[in-house]
Amino acid sequence: MPRLVSHPDEVKIVTKRFGMGAANIDKYIELGGYEAAKKCLAEGPEWIINEMKASNLRGRGGAGFPTGLKWSFVPKQSAKPKYVLVNGDESEPGTCKDHLIFLHDPHAVIEGAMIAGLAIGAKTGFIYLRGEYRYLLEIVEKAVADCYAKGILGKNIFGSDTEFQIITQSGAGAYEVGEESALMESLEGKRGVPRIKPPFPAVVGLYGGPTVINNAETIATVPHVIAMGGAAYAAVGSERNGGTRLFGLSGHVERPGVYELPMGYNLKKMIYEVGGGVRGGRALKAVVPGGSSTPVLLPEEIDIGMDFDQVGKAGSMLGSGGVVVLDDTTCIVEFALRTINFYQHESCGWCIPCREGTDWLKKSLTRFHAGFGTEKDIDNIAYLAQNMLGRTFCPLGDAAAMPTAAFVKKFRKEFEEHLNGKPCPFAKHMELAVV
Amino acid sequence: MNTETMSIFSPQLAARFDALVAKYPVKRSALVPMLLYAQDEIGYLSDAVIAEVAERIGITQLDVRNVATYYSMLRFKPAGKYNIQVCTNISCMLRGAYELFERFQEELHVGHKGVTPDGTFSLEEVECIGACCWAPAIQVNYAFHDELTPNDVPKILAEYKAKTNGSVKNA
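Residue numbers (the numbering used here), protein chains in the order written: chain Y, 15 to 449; chain L, 2 to 172.
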């Protein structure tokens with residue numbers, strides 16, 4: 015069972031029911047659950063969207079798009095059915111927040127999806143979980159069944175004339191499916207390759223109908239936004255970044271875990287106070303601030319507020335909120351290699367810059383880590399990464415290129431120390447070089 | 002399909018599949034989960050599994066294979082009864098996942114994607130499984146084990162070995 019952690023600086027909104035047995039429907043209702051959905055049913059779509067816009071809630075999957083605005087793009091009239099799709103394919107290395115949401119508060123996801131459905135006029139919501147999360151899927155499916163038994167889901171939710179159904183879905187192992195258009199392809203029973211945009215899912219999405227796709231954390235936040243009021247939720251966070259975020263501290267940190275902190279919380283403080291500092295009191299070498307696809311930050315670059323805008327200004331991204339901490343024993347070349355191995359494995363192969371780019375980056379970095387790199391390779395790695403950026407259907411190509419380019423740029427000296435037959439100075443995990 | 006007489010799946014699973022194809026606006030949406038659930042029971046996607054899934058969905062076997070080859074959890078040959086999946090991605094790697102993976106290799110005498118001769122265990126190095134804050138983590142079939150050290154390996158193996166006499170599958 016994943017360990018829950020706590021820190022006085024936390025503002026528990028999304029996590030407030032964690033560890034309280036709220037996966038049980040009666041407990042969830044006892045704790046105020048489904049009141050937000052009832053309120054939304056009474057108030058209507060326009061009111062919901064206004065509250066969401068006022069909340070400054072931005073997409074927790076990584077892109078940070080304003081949720082209320084996204085919902086407002088869905089056309090009011092549609093010949094085809096509209097859908098809500100909850101993205102629980104959580105696969106970005108460094109990210110495990112949705113894992114805890116599904117485990118401790120599955121009804122928040124159902125209630126959030128219902129509110130999204132009421133806002134856009136959808137009668138069906140899908141909750142898609144990655145295939146590895148089977149035990150969590152079972153928890154979610156139990157929660158859905160309990161809702162049907164109580165008339166919370168179905169043709170007449172809460173005894174009204176409004177219909178809302180939830181359909182759960184299991185993936186079968188694919189990072190790429192976390193991209194919204196690939197997610198729809200997968201749910202339609204196909205290979206998870208991305209679709210070209212436009213049209214955007216809000217207009218032409220699942221089964222060709224207008225579709226709102228949100229990350230599981232975003233959706234689980236929605237009932238709390240409604241309960242608190244959009245403005246009150248916004249006030250918790252920083253400018254244009256409403257509320258809290260489930261930050262996942264992992265790697266070489268003394269107290270790893272998922273902490274719910276206000277948007278804009280200082281990264282340095284997060285590592286040294288919330289996380290208890292670098293493991294064993296060692297020196298900090300680097301921080302990957304928002305999942306493996308986000309460019310690495312140096313110790314002197316981490317005195318920043320953790321919200322979408324401030325991390326962006328620092329040259330990286332808030333991403334999925336997965337903060338990975340690296341101490342001074344870490345070989346950056348090895349870390350870069352392990353990162354690119356992942357993206358090479360997960361590239362769907364649909365676009366050439368990503369398919370070939372990730373493969374060549376893997377080959378170059380493998381050779382490098384083994385000590386067979388040349389000076390020219392360092393520039394080649396940067397050049398390859400630069401030529402992938404912005405040239406693919408979906409962001410996976412960028413997700414592979416951005417961190418690689420940053421590793422080379424910020425740790426060039428360490429790459430040079432691996433040159434000309436010199437083995438890795440850290441002498442670690444040489445088996446990576448022969449995979 | 003008359004699931005009672007023709008299906009290669011257990012009556013329970015066949016009934017579940019009958020319900021699954023009716024669950025979505027489009028029948029084909031059942032394909033990916035159906036393949037995974039079929040694999041859970043049969044062990045892998047055999048030719049017979051592909052054939053029955055194709056018939057149930059109403060698409061060609063080629064189409065099923067085209068989709069199945071995309072997803073990393075789906076396999077076309079048997080794994081061990083307990084498939085040990087060691088995450089070595091960044092958060093786990095930083096906390097000793099390779100040392101853990103090495104220990105599993107030593108104990109089981111198999112490497113990546115290897116199966117022990119008695120078919121009890123198979124070993125796999127996998128990408129991020131979403132347990133980064135409790136690293137290093139593994140999955141044995143669907144069960145998570147987290148915050149491990151190499152010294153935990155013998156105990157985990159013994160625990161599953163003890164289950165092999167029971168009827169537990171995909172625990």
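Ideal placement from N, C-alpha and C gives every residue a C-beta, glycine not left out. Being a predicted model, the structure only gives us computed values, none of them experimental.
Check: If we define contact as Cβ-Cβ less than 8 Å, is Y/Ile366 a contact residue for chain L?; Outcome: no
Check: Take Y/Ile153 as the anchor and find which of Y/Phe172, Y/Gly185, Y/His118 has the nearest alpha-carbon.; Outcome: Y/His118
Check: Using a beta-carbon distance below 8 Å, is Y/Gln183 in contact with chain L?; Outcome: yes
Check: Per DSSP, what kind of secondary structure is Y/Ile316 in: helix, strand or coil?; Outcome: coil
Check: Taking the Cβ atom as the reference point for each residue, do Y/Val339 and Y/Met331 lie within a distance shorter than 8 Å?; Outcome: no
Check: Tell me which residue opens and which closes the alpha helix (DSSP H) that Y/Ser378 is part of.; Outcome: 366 to 383
Check: Taking the alpha carbon of Y/Pro120 as the point to measure from, which residue in Y/Lys390, Y/Thr29, Y/Thr343 has its own alpha carbon closest?; Outcome: Y/Thr29
Check: For L/Ala55, would you say it is in contact with chain Y, using Cβ-to-Cβ distances shorter than 8 Å as the test?; Outcome: no
Check: Scan the segment 380 to 407 of chain Y for residues whose Cβ lies nearer than 9 Å to a Cβ of chain L and list them as they occur along the chain.; Outcome: none
Check: Which whole-angstrom value describes the C-beta separation of L/Thr121 and L/Lys156, a residue pair presumed to lie in contact below a C-beta threshold of 8 Å?; Outcome: With a Cβ gap of about 16 Å, L/Thr121 and L/Lys156 do not count as contacting.
Check: Can you pull the chain L neighbours of Y/Phe440, defined as C-beta to C-beta under 9 Å?; Outcome: Here the premise fails: no neighbours, minimum Cβ distance about 12 Å.
Check: Ignore the nearest five residues each way along the sequence and tell me which others in Y/Tyr273's own chain have a CB closer than 7 Å to its CB.; Outcome: Val19, His21, Glu24, Phe261, Leu263, Val288
Check: Anything in chain Y within Cβ reach of L/Glu128, meaning under 9 Å, just list it in chain order.; Outcome: Ser105, Pro107, Gly187, Tyr189, Asn355, Phe356, His359, Glu360
Check: Between Y/Ile62 and the rest of its own chain, which residues show a CB-CB distance below 7 Å, the 5 nearest in sequence each way excluded?; Outcome: Cys54, Ile129, Leu132, Ala133
Check: In its own chain, which residues sit with a C-beta less than 8 Å from the C-beta of Y/Leu220, not counting the 5 before and 5 after it?; Outcome: Tyr97, Leu99, Phe140, Met198, Leu201, Glu202
Check: Taking 8 Å as the CB-CB limit, is Y/Val100 close to chain L?; Outcome: no
Check: Should Y/Thr353 and Y/Pro439 be called a contact, given that it needs their Cβ atoms to be closer than 8 Å?; Outcome: no
Check: Nearest CA to the CA of Y/Arg296: which residue from Y/Pro303, Y/Val267, Y/Asp321, Y/Gly304?; Outcome: Y/Val267
Check: Look at Y/Leu58 and Y/Pro237 and say whether their C-beta atoms are less than 8 Å apart.; Outcome: The question names Leu, yet the displayed sequence has Gly at residue 58 of chain Y. The answer is no: Cβ separation not under 8 Å.
Check: Closer than 8 Å by C-beta to Y/Thr176: which residues in its own chain qualify, once you throw out the five before and the five after it? Chain order, please.; Outcome: Leu55, Leu132, Asn170
Check: Any idea what DSSP makes of Y/Ser264, helix, strand or coil?; Outcome: strand
Check: Would you call L/Ser11 buried or exposed, if buried means 16 or more other Cβ atoms sit within 10 Å of its Cβ?; Outcome: exposed
Check: So with CB distances below 8 Å, who are the chain Y contacts of L/Ser84?; Outcome: A small correction: the amino acid at residue 84 of chain L is Asn; Ser does not occupy that position in the sequence shown. Chain Y residues near L/Asn84: none, gap ~12 Å exceeds 8 Å.
Check: State the start and end residues of the unbroken beta strand (DSSP E) segment that holds L/Gly146.; Outcome: Inspection of the sequence shows that residue 146 of chain L is occupied by His rather than by Gly. Where L/His146 is concerned, the enclosing beta strand (DSSP E) stretches over 144 to 146.
Check: Might you give, ordered along the chain, the residues of its own chain that have their beta carbon closer than 6 Å to the beta carbon of Y/Pro456, omitting 5 neighbours on each side?; Outcome: With chain Y covering only 15 through 449, there is no way to say anything about residue 456 of chain Y.
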